[in-house]
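Whatever position you read off the sequence shown (first residue = 1), add 18 for our numbering.
The structure under discussion appears below in the form of structure tokens.
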Amino acid sequence: MKNWTGYVDELAAVLNALVVTDSAGVEIDTNEGFVRLKRMVEACGKDRRRVYFVGNGASASMASHFSTDLAKMSGVPTEVFTDPALITATGNDMGYAESFAFPLKQRMVEGEVLIGISSSGNSPNVVEAGKVARQLSGYFATFSAMSPDNAIRGMGDLNFYIPAKTYGMAESGHAAMLHRLVDLFK
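What follows is the structure, encoded as structure tokens:
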């Protein structure tokens with residue numbers, strides 16, 4: 019088992035290995051990636067459009083947390099699909115893969131932003147929500163880890179990927195990255 023310093027060093031290494039790609043899979047400068055995402059969010063705010071967040075488990079908690087933080091710091095309306103009744107009813111009636119896609123179909127308009135958080139990058143409901151965002155001419159920003167060829171990594175307009183091999187490292191890394199986005203609005 020690693021000591022604290024080893025754990026912090028591993029997290030720093032994962033974060034320093036962050037790769038940001040565009041919709042064509044072309045790697046872009048990390049800082050430029052965050053700036054582009056900030057601009058997408060700002061564009062939503064100018065037209066009173068929304069930024070949506072989706073994720074499962076700890077990523078759902080992050081989606082809720084950063085939806086609130088981003089709305090407070092940027093003034094842009096945000097929405098998160100973490101309501102248990104919504105998730106369970108949609109999952110029961112339409113299948114779990116539709117738990118984010120269905121409400122997104124009802125709400126998203128052209129030019130809005132979906133931020134999908136998935137440690138594995140293979141969560142079926144995040145994948146399906148990303149497909150809906152693209153179909154509705156929305157923007158999709160992905161935050162993933164683990165396998166470099168995960169399902170959502172190539173789906174987004176912006177893809178933030180860290181090579182974390184455990185859920186703890188992926189979740190800690192994603193939290194730091196999303197704090198970075200929010201802090202750009204200070």
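We put the CB at the ideal spot given by N, CA and C, even for glycine.
Those residues which DSSP pairs with residue i across a bridge
| i | result |
| --- | --- |
| Asn-177 | Thr-39, Thr-160 |
| Glu-45 | Thr-39 |
Residue span of the beta strand (DSSP E) that contains residue i, given as start and end
| i | result |
| --- | --- |
| Thr-96 | 96-98 |
Minimum C-alpha distance to residue i - residue among the options
| i | options | result |
| --- | --- | --- |
| Leu-159 | Gly-93, Val-32, Arg-57, Tyr-25 | According to the sequence shown, residue 159 is Ala rather than Leu. Considering only alpha carbons, the answer is Arg-57. |
| Leu-31 | Asp-201, Lys-204, Ala-194, Thr-96 | Rather than Leu, the amino acid found at residue 31 in this sequence is Ala. For Ala-31, the nearest C-alpha among the options comes from Ala-194. |
| Val-59 | Phe-161, Ser-141, Ile-133 | Ile-133 |
| Gly-148 | Tyr-25, Glu-130, Lys-20, Asn-21 | Glu-130 |
| Tyr-70 | Gln-124, Thr-48, Ala-42, Phe-203 | Gln-124 |
| Val-200 | Leu-88, Thr-48, Lys-64, Arg-68 | Leu-88 |
| Ile-46 | Arg-67, Leu-202, Phe-178 | Phe-178 |
| Phe-118 | Thr-106, His-197, Pro-166 | Thr-106 |
| Ser-165 | Ala-61, His-83, Gly-139, Arg-66 | Gly-139 |
Terminal residues of the alpha helix (DSSP H) in which residue i lies
| i | result |
| --- | --- |
| Ile-105 | 102-112 |
| Thr-23 | 22-34 |
| Asp-65 | Segment: none, Asp-65 is in no alpha helix (DSSP H) and carries neither H nor E. |
| Gly-93 | No alpha helix (DSSP H) contains Gly-93, which DSSP labels as neither H nor E. |
| Glu-189 | 185-201 |
Collapsed DSSP secondary structure at residue i in the structure displayed
| i | result |
| --- | --- |
| Leu-132 | strand |
| Phe-71 | strand |
| Ser-141 | coil |
| Met-126 | coil |
| Arg-171 | coil |
| Lys-56 | helix |
| Leu-88 | helix |
| Pro-166 | coil |
| Lys-204 | coil |
| Ala-61 | helix |
Counting Cβ pairs, one atom from each stretch, are 3 or more of them under 8 Å apart for the stretch 33-48 and the stretch 166-183? yes
Is there contact here, the stretch 44-53 with the stretch 70-90, by at least three beta-carbon pairs under 8 Å? no
Does the stretch 165-180 come within contact of the stretch 40-47, defined as at least 3 CB pairs closer than 8 Å? yes
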